[in-house]
Every structure is written in structure tokens, then in C-alpha cells.
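Colleague: Position in the sequence shown (from 1) plus 68 gives the number in my numbering.
Built from N, CA and C at the ideal position, the CB exists for glycine as well.
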Amino acid sequence: MKRIIEGIPGEKSPVWVQDRGGSEMRLRGHILIEDLGGVITSISSRTGANGPLNPVTQYMLSEAVHHLAERLTDDLLTEGSGPNGAPRILSSALGHQPFVESVLRMSQHQMLRRWPTATDWYADVIAYLMRPGRSAPRPEDLRTTFMTASTSNLGEFVRAFAYRRYTYTNSPKLVQLAEAIQCLWPEYPPVRAAIEERMRSLRELYAPLYAAALHSYGLHPRPGIDLASVAWMFTSLQQRESLDSFAGITTTFRAPDGQEWPLASWSVVQVMAGICTDEDGRTLGPFELAERMPVRPFVMDAIA
69 MKRIIEGIPG EKSPVWVQDR GGSEMRLRGH ILIEDLGGVI TSISSRTGAN GPLNPVTQYM
129 LSEAVHHLAE RLTDDLLTEG SGPNGAPRIL SSALGHQPFV ESVLRMSQHQ MLRRWPTATD
189 WYADVIAYLM RPGRSAPRPE DLRTTFMTAS TSNLGEFVRA FAYRRYTYTN SPKLVQLAEA
249 IQCLWPEYPP VRAAIEERMR SLRELYAPLY AAALHSYGLH PRPGIDLASV AWMFTSLQQR
309 ESLDSFAGIT TTFRAPDGQE WPLASWSVVQ VMAGICTDED GRTLGPFELA ERMPVRPFVM
369 DAIA
């Protein structure tokens, strides 16, 4: 048995756990390690076996948000509102020591070494659930997407990019939970901090990326256009489409040529038609824009 103290982001690591009441380490499975150093801030240790890069730490957080999603999606809207809703609901639905003992069936000290208090545990679970990675693929995945998509017309580029943006679409309960928590408890400090962190991430990652994409396709934003605001708008469109799709609502647009578009992707193209011109200052309609081919290679340095 090789126990990994700190995993490498982007790689899968085995999760070896000491069960509650047991003395031997047992393999619980594997988890894809994420860089959570700037996400969870209430954990007691920043490095080592109890820190954010430890596979057991990330396993505990992952299991916690899935457990919350199972427990809360049915009754959160009716029981969780009000100024004291967050701590009360989190305590009853998730808990601190009871969660690690009863749900994870792990020894109590594995929780207490990382999160000595319930308040810190709840703060980091919410930060993990609402982390920027929820609506942004890993940079290396973005690179792969852009390497392939940026050789096609702009319509195909937007479709491929929008598809990669919202990474939890295969976990509807987690999406619903994150949206519900943000709507019900916006004043709860961990929720507010998570929203602010997501906004920072959008500005720092997507604004340079959009600028590089426009340059590749020979487009210029009109004067006064703020690409950080555009990043927020595009993300909101994609999130809305995901939520509508969970309700079984049709979220497609049929173009006059018969092509089916995801509604968020077509909305992005229409917005781009309004905020951009070509390098000669000429305006382009959405259909003309969708067929536009790149005029120069995409600069991959835009993706950190």
C-alpha cells in the first residue's frame, strides 16, 4: 500500500481510509485531485496529510457535497429560507462529526484533524461546492478544446467552448444545490465569499481568453465593451440553459438553414454580433459571424 500524502492536480489518486473502529487502512477508490489551495480556506492545515491536496481531504469534501445534494434538493426551498437557515439546515442535513462517522464510516479524528469546528467544515464544503471549477474546465482541458475548435468556423468554436464550460451538467443535483444555496443564503459569509471568488476567476481566466479568440477570428470589441462583463454574461447563459434542461425544457434554436443550436451557444453568437466588428470596422450579422473562419492562429498563452 502506497499512501499519497499530497496528490498532483489533474491526476487520480487512491483514497486509503481508516474506517471507524478499525485499525487498518482500506482502499475506498480513486479521486481526481484538484488544486483546492485557494478554494477551501477554513481547513486547519494548509499542507501535508491533512491539507487541501490530500486525497482523503478531497474525498471527504466530494462525498459531503453529494450527500448534501441528496438530502437537500427535495426540501431546501421549503425549510432553508431566512437569516438562520444556512447553519440550521447544514447542521441537520450534513453535520460535522456525525457525517464522518455515520455516512463516511471513517474514524472521527480524520475530521477533527482537518476541521476542528463545524463552522469551518460547513464553510469549506460550500466553497468546494461553489468553486470556480464548477463553471470552468481545467486550463489543460481548455487548451485541448481550443486546439481543436479554433481551426473551425466561429459557430463551431462557440459550440465546442460552451459545451466545455459548465462541467457539472452531468450532476444535476449538485447544480441545483449550488444555485439554491446562492439564492437562499446570499448573505451567508461562505456563500458570499464563493460568489466573489467565482467573479474573480471569471475576470482573470476568461477576459484574456475572449480577447485572444476575437484576435484569432479577426474581430474587435466595440469601444466601451468590457470583456470581464461579457464573461459573466456568457457563464450566466450557460448556467441558465443547464437548469432549463434539467426541467425538460427544450433549449435549442433551429437556424433558417435547419441547423440545431444549443440555445446558449446561439445567444453567445448573437451577443458577439452586437459587441464586435471585423478589423475593417464592418458589422457582421450572426449567421455571417457563425460562418467566419479564423484569420490567424489562436494564441494559447491566453490560457494560463
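In angstroms with no decimal places, state the Cα-to-Cα distance between arginine 290 and proline 324.
Modeller: The straight-line gap from Cα to Cα measures roughly 27 Å.
Colleague: Alpha carbon to alpha carbon, how far is leucine 311 from methionine 301?
Modeller: Approximately 15 Å, taken between the alpha carbons.
Colleague: Tell me which same chain residues have a C-beta within less than 7 Å of the C-beta of proline 200, skipping the five on either side of it?
Modeller: Taken in chain order, the residues that qualify are Glu265, Arg266 and Ser269.
Colleague: May I ask you to verify whether the region 214 to 228 touches the region 160 to 176, counting CB pairs closer than 8 Å and requiring at least 3?
Modeller: No contact exists between the region 214 to 228 and the region 160 to 176.
Colleague: Curious, which full-length alpha helix (DSSP H) runs of at least 4 residues does the region 283 to 346 contain?
Modeller: If we require 4 residues or more, the alpha helix (DSSP H) runs fully inside the region 283 to 346 come out as 295 to 314 and 331 to 343.
Colleague: Mind checking whether valine 85 and arginine 96 have CB atoms under 7 Å apart?
Modeller: Yes, the Cβ-Cβ distance between valine 85 and arginine 96 is below 7 Å.
Colleague: Counting pairs of beta carbons, one from the region 344 to 354 and one from the region 274 to 287, are three or more of them closer than 8 Å?
Modeller: As far as the Cβ criterion goes, the region 344 to 354 touches the region 274 to 287, which means the pair count is three or higher.
Colleague: Assign leucine 95 to one of three DSSP states: helix, strand, or coil.
Modeller: Here leucine 95 sits in strand by DSSP.
Colleague: Using C-beta distances below 6 Å, list every residue in its chain close to tyrosine 127, excluding the 5 sequence neighbours before and after it, in chain order.
Modeller: Hits under 6 Å: Val83 and Ile99.
Colleague: When we look at the beta-carbon of alanine 315 and count the other beta-carbons within 10 Å, is it buried (16 or more) or exposed?
Modeller: With fewer than 16 Cβ atoms within 10 Å of its Cβ, alanine 315 is classed as exposed.
Colleague: For phenylalanine 355, which residues in the same chain have their Cβ closer than 6 Å to its Cβ, ignoring the five residues on either side in sequence?
Modeller: No residues qualify anywhere along the chain.
Colleague: Do you know offhand how far alanine 332's Cα is from glutamine 307's?
Modeller: Those two C-alpha atoms are separated by around 9 Å.
Colleague: For arginine 182 versus serine 91, is the C-beta spacing smaller than 7 Å?
Modeller: Cβ atoms of arginine 182 and serine 91: not closer than 7 Å.
Colleague: Return yes when the C-beta of alanine 191 is under 6 Å from any heavy atom of the ligand COA, and no when it is not.
Modeller: Absent from the structure shown: the ligand COA. Ligands present: none.
Colleague: Is leucine 172 helix, strand or coil by DSSP?
Modeller: Coil at leucine 172, not helix or strand.
Colleague: Leucine 305 and serine 335 - do their beta-carbons sit closer together than 7 Å?
Modeller: Yes, Cβ-Cβ distance for serine 335 and leucine 305 is below 7 Å.
Colleague: Under 7 Å, do glutamate 74 and leucine 140 count as touching if we go by C-beta distance?
Modeller: Result no, Cβ atoms of glutamate 74 and leucine 140 do not sit closer than 7 Å.
Colleague: Measure the beta-carbon distance from isoleucine 194 to proline 258 and round it to whole angstroms, keeping in mind my assumption that it falls under 8 Å.
Modeller: With a Cβ gap of about 4 Å, isoleucine 194 and proline 258 count as contacting.
Colleague: Please name the residue or residues paired with valine 83 in a DSSP beta bridge.
Modeller: Gly97, per the DSSP bridge assignment.
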